[in-house]
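Colleague: My questions will all concern the structure given below.
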Amino acid sequence: MKKILFTLILIAGIAAGLRAGNPPDEGMWLPMFVERLNYVDMQKMGLKLTPQEIYDINNSSLKDAIVNLGDFCTAEVVSDKGLLFTNHHCGYDAIQTHSSIEHDYLTDGFWASSLEEELPNEGLTVSFLVKMDDVTTRVLADVKPEMSESERSAAIAKVYEVLKKEESADGKYDVSVKGFYNGNEYYRFVYEVYEDVRLAGAPPSAIGKFGGDTDNWMWPRHTGDFSIFRVYSGPDGKPAPYSKENIPLKPKHFLKISLDGVERGDYAMIWGYPGATDRYRTSHGIQATINEIDPAIIKVGGKILEIMKSDMDKSDEVRIQYASNYAGLANFWKNKIGESRGLKRLDVYEKKKGIEDKFAAWANADESRKAIYGNVLQDLTDVYNTYAESKYYTKLWYLQISFFGSQMMQFPMQTQGMINILKSGQKGEELQASLAPFYEMGKGQFKDYNPATEEKIVAAILELYRQDVPADALPDIFNLIDKKYKGDVNLFAKKMFETSVLTTREKYEAFLAKPSIKVFENDLAYKLTNSFYSSFMTQNMSVAPLGDKLKKAQRLFVDGLRKSNPDKVYYPDANSTMRVTFGQVLDYFPADAVHYDYVTYTDGILEKEDPTNEEFIVPARLKEIIEKKDFGRWADKNGKMVVGFLSNNDITGGNSGSPILNGNGDLIGLAFDGNWEAMSGDIAFEPELQRTINVDIRYVMLIIDKYANAQNLINELKFAEKTR
Ligand code: ARG
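Add 4 to the 1-based position in the sequence shown for our numbering, that's all there is to it.
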């Protein structure tokens, strides 16, 4: 019976072009291979476009409307004047940078009523994918199985340079080569990078971040998570640095807006730049994540957030200064809490173990296979055991999060290049000219910086280190703290902030005006960071051989896994390259007896409203629109106003801002989040539970039109003909 059923499923699967055995919703596929691997499925599910309409390197196609925004998010072109939609949380840092107590765009939103009012953003880029190709054979040409990992890396690096140069068109393009399937395959990507990207519009945080960190990573959701930018080119249409002479980009392709609305089961695909997944992490890695990695991040991150929040609540200035850093860390921190929970609840360890048992049986069934893959699982066990014994992950993550959450850990590192200049013997004007970049650094550093907050963060980090990092691995600054400050980390932090020339803008600039190498090298802030950094380097050196062993075992594991299941098409982990995921608009059952519908309405905004909680304030004008049902042509066919909807697409961080498209390739919303019940999704996809949270494009239109009255933007958009 079982066998017959199996055969039937297999035949049906092949007939449907399913070869994969994956549910179609799982997988982040490379656009170049969509025609070969996924097109039949996509078409069956509702895609109406031809393969050439979605990915073509000779003619304009859908892929030309999808961009990598600043290497951390996705955006899409929505007008013939280079207008871009992305998430509010993707624009958040830019919005924060332009904000001050006088112009608080975080709180009030920002709407440019003409091109002249759009705000430039230094350092923010937009990359268009020109094409990609498979370069595996060339990258691995000189690689031999018996090579050490460093020999292997060197052999690969040599080819990388050649491959990049070939396609760079004398610097016109940015070319990158990336490893896939844990280094078993390599592809080359050619990008055209635009550097003049301006902010055109953003709703207030009470819309764009409605629900705040409480609702973050959760459904039901009522967040209008969008912001609007514009790409500019030089007068010749080519990439150019910011200049008043630049003009709005004339794009190859832009998306039309669909006002059809969503229904359960509708075809939905998401294009974008997912950052990183670890779907081939083994049971050993799952254990490390649950027992060591996530707890370390949660503990240090939680402490830093608590300190920031308490100071942000006391001062508007500090609130604005720390808004973006806080949101970034809070987002990551909550993600890790959800990930731990999900890994445990969903028995991911057991599932991975099952896959590994099959792998072992396959590897050991044949002598020649055994020679290649026979040690893989044992090697993984050995590496992870050694990591655990040495508390490697605690040390690693305490440091990473400390550098991420404490500006005082970063700044001395950035400025240490000064030492060489001071040693060079330059004097007077010549010296001051060499120090110019350091004055600039200071301006950046002290803009979003509050010394009192930073002092508390430094003390807290030191305290946690003392508690949880083995004594023999503590950075040597602790010797000084013990000897001169009786082990009192608060006293040390206080003294450091008092005496260091790196802790306030005034002191720093006074120091630059009369610099001294002795003062710099004896500076407590410099000593602190330097000590943490050297201890990190020492630690890294000591575990480098383990890292190599892990890399090799993981590569062989993925290679063996694919060979042992030749009928299954494995998709590669996300690595910030363009991907497409396709599925449906879909509800889910988050827990026994609980059903979550696939759309939310504006009524839910009023249900959640709480004027005493900054996360749930509803702006008066929005409230009026909702109460008067002033939804115009953006309402659904029952006159109700949809805010967000769910789909079963497979996305991760980096996809934020991605367009979610219907079968015609028209824009139905922007993807912006994942859901709480499947937060282990970066490690194991959960078809029954995993959902993408999208903001409905009609809600985006409502806010632009009725809330902001930004008709200049609405007029630029093109709407697809209604099909229902
Ligand atoms: N969880 C979202 C993501 O990683 C970010 C949401 C930002 N919102 C917030 N309340 N922090 O894509």
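Positions of the beta carbon are idealized from the N, C-alpha and C atoms, including for glycine.
Apply the 10 Å Cβ neighbour rule to Pro474 and answer buried if 16 or more other Cβ atoms are within range, or exposed otherwise.
Modeller: So Pro474 counts as exposed.
Colleague: Going by alpha carbons, who is nearest to Asp686 out of Ser180, Asn250, His257 and Thr281?
Modeller: Asp686 has its Cα closest to that of Thr281, out of Ser180, Asn250, His257 and Thr281.
Colleague: Going by DSSP in three states, Ala334 sits in which element: helix, strand or coil?
Modeller: Helix, per DSSP.
Colleague: List the whole-angstrom C-beta distance separating Glu613 from Phe620, where the pair is believed to meet the contact cut-off of C-beta under 8 Å.
Modeller: At roughly 6 Å, the Cβ-Cβ gap stays under 8 Å, so Glu613 and Phe620 are in contact.
Colleague: Is Arg695 helix, strand or coil by DSSP?
Modeller: Coil, per DSSP.
Colleague: Which residues does DSSP pair with Glu80 in a beta bridge?
Modeller: Partner(s): Ile70 and Phe89.
Colleague: Please confirm whether any heavy atom of ligand 3 lies closer than 7 Å to the CB of Ser660.
Modeller: Of the ligands this structure carries, namely ligand 1, none is ligand 3.
Colleague: Kindly indicate the opening and closing residues of the alpha helix (DSSP H) around Ile58.
Modeller: Where Ile58 is concerned, the enclosing alpha helix (DSSP H) stretches over Pro55 to Ile58.
Colleague: Near Glu467, what residues of its chain come up, given a Cβ to Cβ distance below 7 Å and the 5 sequence neighbours on each side ignored?
Modeller: Correct list, in chain order: Val493.
Colleague: Please determine whether the Cβ atom of Lys85 lies at a distance below 7 Å from any heavy atom of ligand 1.
Modeller: Checking the Cβ of Lys85 against ligand 1 gives no.
Colleague: Alpha carbon to alpha carbon, what distance is there between His93 and Asn617?
Modeller: Distance between the alpha carbons of Asn617 and His93: 20 Å.
Colleague: Going along the chain, which residues of its own chain have a beta-carbon closer than 6 Å to the beta-carbon of Gly25, five neighbours each way excluded?
Modeller: With a pLDDT of only 41 at Gly25, under 50, the local geometry of the prediction cannot be trusted, and the value read off the model is given with reservation. Excluding positions up to five away in sequence, the list reads Lys572.
Colleague: Give me whichever residues DSSP pairs with Glu196 in a beta bridge.
Modeller: Glu196 pairs with Phe132.
Colleague: Measuring from the CB of Lys313, is there a heavy atom of ligand 1 at a distance below 7 Å?
Modeller: Lys313 Cβ: outside cutoff for every heavy atom of ligand 1.
Colleague: Excluding the five sequence neighbours on either side, which residues of its own chain have a C-beta within less than 6 Å of the C-beta of Phe214, listed in chain order?
Modeller: His226 and Thr227.
Colleague: So what does DSSP say about Ile251, is it helix, strand or coil?
Modeller: It is a strand residue.
Colleague: When you measure from the CB of Gly95 to every non-hydrogen atom of ligand 1, does any distance come out below 7 Å?
Modeller: No, the beta carbon of Gly95 sits no closer than 7 Å to any heavy atom of ligand 1.
Colleague: Are there 16 or more other CB atoms within 10 angstroms of the CB of Lys722, so buried, or fewer, so exposed?
Modeller: Exposed.
Colleague: Could you tell me which whole beta strand (DSSP E) segments of length 3 or greater appear in the region 162-250?
Modeller: Qualifying beta strand (DSSP E) stretches, in chain order: 178-184, 189-198, 200-206 and 231-237.
Colleague: Determine the direct distance from the alpha carbon of Glu267 to that of Gly669, and round the result to whole angstroms.
Modeller: Going from the Cα of Gly669 to the Cα of Glu267 covers about 16 Å.
Colleague: In the region 272-357, which residue ranges form an unbroken beta strand (DSSP E) of at least 3 residues, counting only runs that do not cross its ends?
Modeller: Runs found: none.
Colleague: Kindly list the residues whose CB is nearer than 7 Å to the CB of Pro570, restricted to its own chain and excluding five residues on each side of it in sequence; keep chain order.
Modeller: Contacts found: none.
Colleague: To test your reading of the DSSP string, which unbroken alpha helix (DSSP H) runs of 4 or more residues are found completely within the region 440-508?
Modeller: List check, alpha helix (DSSP H) in window: 455-472, 481-489 and 493-503.
Colleague: Measuring CB atoms only, is the region 293-301 touching the region 675-683, in the sense that at least three cross pairs come out at less than 8 Å?
Modeller: No: the two stretches stay apart, fewer than three of their Cβ pairs being nearer than 8 Å.
Colleague: Note the first and the last residue of the continuous alpha helix (DSSP H) segment covering Asp709.
Modeller: Where Asp709 is concerned, there is no enclosing alpha helix (DSSP H), given that its DSSP letter is neither H nor E.
Colleague: For Asn42, is the classification buried or exposed, using 16 other Cβ atoms within 10 angstroms of its Cβ as the cut-off for buried?
Modeller: So Asn42 counts as buried.
Colleague: Pull up the CB-CB distance for Thr78 and Ser660, whole angstroms please, since I reckon it's below 8 Å.
Modeller: 7 Å between Cβ atoms; contact.
Colleague: Go ahead and label Asn483 buried or exposed: buried means 16 or more other beta carbons lie within 10 angstroms of its beta carbon, across all protein chains shown.
Modeller: Exposed.
Colleague: What are the residues that DSSP puts in a beta bridge with Phe649?
Modeller: In DSSP, Phe649 forms a bridge with Val603 and Asn698.
Colleague: On the three-state DSSP scale, how would you describe Leu717?
Modeller: Three-state result, Leu717: helix.
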